[in-house]
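Working notes for the structure below.
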Ligand SMILES: O=C([S-])c1cc(C(=O)S)c[n+]([C@@H]2O[C@H](COP(=O)(O)O)[C@@H](O)[C@H]2O)c1
Ligand code: NI
């Protein structure tokens, strides 16, 4: 198989310009991104890349220069710009999915609907350039999978159009909550992950965790604007081929018979937030005939300590067992389909280059069914049908 894959190291967060810089530094020609941006941007906007150093490491900083028109664009305006642009279909789809995720997060945070969202900072020319340029860069790389580490989001406050916002800013929290992205504050009191960076991660990353087994052929450092103390303010992208060795992970298990059952949902959520790839409960009948649960957690080695901490501090377990397992994940990608009343994201899995599973995201299906009053099963069936039809047509 030896598919081309990538891994993003988000220990210093992620933003639109860091993503562009990492792609250029890893070998994507700036002209590929500029051409896609030119196809969409309604006013001239120019990307330029300069070599910089961040904490003694060579990195690339990408600048976006354009005449800011202070035009407030709605999500519908942006969707129209994307729909009519002479763009590669894959770039159009990814850019659409990225802006839709941003619009949904902003709508939730501001208590409104996506069609009423006026992008301010995120609708300006530089956001169009960040999103469309990065999508074109990833399509150019042709990655079968993109993995990423949990994301450092920072802490403190940031000044935005509507005043001071707490970090992580609400749109980032919403984007990561909706997509189940593991994140943590880290030790830097500033905004490390912006909404544009978060939306690009959500629409491109297929798996979260440590670097997967791969033969690396290139690495790129995308510089953030500011210097951080004691570390490079850069997003790192590794590109290479899957090494063929299936990823090895741990399963941590413990039998528990004395935890208030109302606590279990919070325990499972915290295990996932700590970096677990999955966490589940199995009802068992234990020694002394006691009804109980086995808690099982699948986790990559770098997150095992954080997961152990959650098990021992959040449950009544006083010991656990662990064993190594081999994971064999299929290549996956996200796309979205438009139904009457809204969009639904769909996860597409492939085996040996052929699509073998097309699954609409249940949260999107439920939200659309509730918003439109249709039966959930009808929305699910329609989303599956549309996705299968679009995949057939490609
Ligand atoms: O303008 C708005 S509504 C706005 C909302 C939010 C929320 O999280 S809600 C955040 N921000 C801040 O704007 C800048 C620019 O972000 P980009 O993603 O466009 O780089 C950033 O500091 C956000 O935190 C603005
Ligand atoms: Ni906002």
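Numbering (our numbering), first residue to last: 417 to 810.
Where a beta carbon is used, it is the ideal one built from N, C-alpha and C, also for glycine.
Determine the closest residue to residue 520 out of 779, 805 and 802, with distance taken between C-alpha atoms. The residue you call residue 520 lines up with position 104 of the chain shown. When each option's Cα is compared against that of residue 520, the closest is 779.
Out of 553, 807 and 568, which has the shortest C-alpha to C-alpha gap to residue 603? Counting from one through the chain shown, the residue named residue 603 turns up at place 187. Nearest C-alpha to residue 603: 568.
Under the assumption that residue 564 contacts residue 626 (Cβ atoms under 8 Å), give the Cβ distance between them as a whole number of angstroms. Numbered from its first residue, the chain shown carries residue 564 at position 148. Numbered from its first residue, the chain shown carries residue 626 at position 210. Wrong, their Cβ atoms sit about 10 Å apart, outside the cutoff.
Can you look up residue 734 in the DSSP assignment and give me helix, strand or coil? Translated into positions along the chain shown, residue 734 becomes position 318. Three-state DSSP puts residue 734 in coil, outside helix and strand.
What residues in its chain sit with their C-beta under 7 Å from that of residue 782, if we drop five residues either side in the sequence? For this step, residue 782 is matched to residue 366 along the chain shown. Counting only Cβ-Cβ distances below 7 Å, and skipping sequence neighbours, we find 792.
Check the DSSP bridge columns for residue 751 and list the partner residues they point to. For this step, residue 751 is matched to residue 335 along the chain shown. DSSP, once it has assigned bridges, lists 762 as partnering residue 751.
Could you tell me the boundaries of the beta strand (DSSP E) in which residue 422 lies? Position 6 of the chain shown, counting from 1, holds the residue named residue 422. Residue 422 -> beta strand (DSSP E) spans 420-425.
Give me the residue from 427, 701 and 540 with the minimum Cα distance to residue 600. Numbered from its first residue, the chain shown carries residue 600 at position 184. Closest option to residue 600, Cα to Cα, is 427.
From 554, 566, 466 and 547, pick the residue whose C-alpha is nearest to that of residue 421; which is it? Walking along the chain shown from the start, residue 421 turns up at place 5. Among 554, 566, 466 and 547, the Cα nearest to that of residue 421 belongs to 554.
Could you check whether residue 507 and residue 543 sit closer than 8 Å to each other, using their CB atoms as the reference points? By 1-based counting over the chain shown, the position of residue 543 is 127. By 1-based counting over the chain shown, the position of residue 507 is 91. Contact: no.
Could you have a look at residue 466 and say whether DSSP puts it in helix, strand or coil? As a position in the chain shown, residue 466 is number 50, starting the count at 1. Residue 466: strand per DSSP, three-state reduction.
Residue 740 beta carbon less than 8 Å from that of residue 764: Against the chain shown, residue 764 aligns to sequence position 348. Against the chain shown, residue 740 aligns to sequence position 324. Taking 8 Å as the Cβ cut-off, residue 764 and residue 740 do not qualify as a contacting pair.
Check whether residue 630 and residue 657 have beta carbons under 8 Å apart: Taking the chain shown and counting its residues from 1, one reaches residue 630 at position 214. Taking the chain shown and counting its residues from 1, one reaches residue 657 at position 241. Closer than 8 Å, so yes.
Between residue 700 and the rest of its own chain, which residues show a CB-CB distance below 7 Å, the 5 nearest in sequence each way excluded? Start at 1 with the first residue of the chain shown, and residue 700 comes out as number 284. Answer for residue 700: 671, 708, 709 and 710, listed in chain order.
With DSSP as the reference, please indicate the residues paired to residue 604 in a beta bridge. Residue numbering aside, residue 604 sits at position 188 when the chain shown is read from its first letter. Paired residues: none, contrary to the question.
Would you check if there are 3 or more beta carbon pairs closer than 8 Å linking the stretch 675-689 to the stretch 461-471? Verdict: no, contact absent.
Using a Cβ-Cβ cut-off of 7 Å (strictly less than) and excluding sequence neighbours within five positions of residue 517, which residues of its own chain qualify? On the chain shown, residue 517 is found 101 positions in, with the first residue counted as 1. The residues are 591, 615, 618 and 619.
DSSP three-state assignment for residue 472, whether helix, strand or coil: Taking the chain shown and counting its residues from 1, one reaches residue 472 at position 56. Of the three classes helix, strand and coil, the one that applies to residue 472 here is coil, per DSSP.
Please report the distance separating the alpha-carbon of residue 440 from that of residue 477. In the chain shown, residue 440 corresponds to position 24, counting from 1. In the chain shown, residue 477 corresponds to position 61, counting from 1. Rounded to whole angstroms, residue 440 to residue 477 spans 9 Å at the Cα level.
Contacts around residue 586, its chain only, beta-carbon distance under 7 Å, and the 5 residues preceding and following it disregarded: Sequence index remark: in the chain shown, residue 586 carries index 170 (1-based). The residues are 525.
For residue 694, which residues in the same chain have their Cβ closer than 7 Å to its Cβ, ignoring the five residues on either side in sequence? Counting from 1 along the chain shown, the entry for residue 694 is found at position 278. So the qualifying residues of the chain are 714.
Check each candidate in 437, 727 and 788 and name the one with the smallest Cα separation from residue 756. Position 340 of the chain shown, counting from 1, holds the residue named residue 756. Checking every option, the nearest Cα to that of residue 756 belongs to 788.
Should residue 646 go down as buried or exposed, given a rule of 16 or more other Cβ atoms within 10 Å for buried? For this step, residue 646 is matched to residue 230 along the chain shown. Label assigned to residue 646: exposed.
Say yes only if the C-beta of residue 432 is nearer than 7 Å to one or more non-hydrogen atoms of ligand 1, and no if none qualify. Counting from one through the chain shown, the residue named residue 432 turns up at place 16. Within the cutoff, so yes.
Could you please give the first and the last residue of the uninterrupted alpha helix (DSSP H) stretch that includes residue 689? One-based indexing of the chain shown puts residue 689 at position 273. Counting along the chain, the alpha helix (DSSP H) containing residue 689 begins and ends at 680-689.
Can you tell me whether residue 525 sits near ligand 2, meaning its C-beta is under 7 Å from at least one heavy atom of the ligand? Position 109 of the chain shown holds residue 525. Yes, since a heavy atom of ligand 2 falls inside the 7 Å radius drawn around the Cβ of residue 525.
By the DSSP assignment, the beta strand (DSSP E) with residue 562 in it spans what residues? Working through the chain shown from its first residue, we reach residue 562 at position 146. That run of the beta strand (DSSP E) goes 561-564.
Buried or exposed, going by whether 16 or more other CB atoms sit within 10 Å of the CB of residue 433? Along the chain shown, read from residue 1 onward, the residue named residue 433 stands at position 17. With 16 or more other Cβ atoms within 10 Å, it is buried.
Under the rule that 16 or more other beta-carbon atoms within 10 Å means buried, what is residue 773, buried or exposed? By one-based count along the chain shown, residue 773 stands at place 357. Exposed.
Got a sec? Which residues, its chain only, sit under 6 Å from residue 654 by beta carbon, not counting five neighbours each side? Position 238 of the chain shown, counted from the first residue, corresponds to residue 654. Cβ within range, chain order: 423, 632 and 635.
Do residue 523 and residue 529 have their C-beta atoms closer together than 8 Å? In the chain shown, counting from the first residue as 1, residue 523 sits at position 107. In the chain shown, counting from the first residue as 1, residue 529 sits at position 113. In contact: residue 523 and residue 529 (Cβ atoms closer than 8 Å).
Could you tell me which of 747, 668 and 746 sits nearest to residue 722, measuring between CA atoms? Locating residue 722 in the chain shown gives position 306, counting from the first residue. The shortest Cα separation from residue 722 among 747, 668 and 746 belongs to 668.
What do you reckon, is the C-beta of residue 607 under 7 Å from a heavy atom of ligand 1? Start at 1 with the first residue of the chain shown, and residue 607 comes out as number 191. True, at least one ligand heavy atom lies under 7 Å from that Cβ.
Measuring alpha carbon to alpha carbon, tell me which of 732, 548, 594 and 558 ends up nearest residue 498. Position 82 of the chain shown, counting from 1, holds the residue named residue 498. The residue with the shortest Cα to Cα distance from residue 498 is 548.
State the Cα-Cα distance for the pair residue 689 and residue 718, rounded to the nearest angstrom. Within the chain shown, numbered from 1, the residue matching residue 689 stands at position 273. Within the chain shown, numbered from 1, the residue matching residue 718 stands at position 302. Whole-angstrom Cα-Cα distance: 14 Å.
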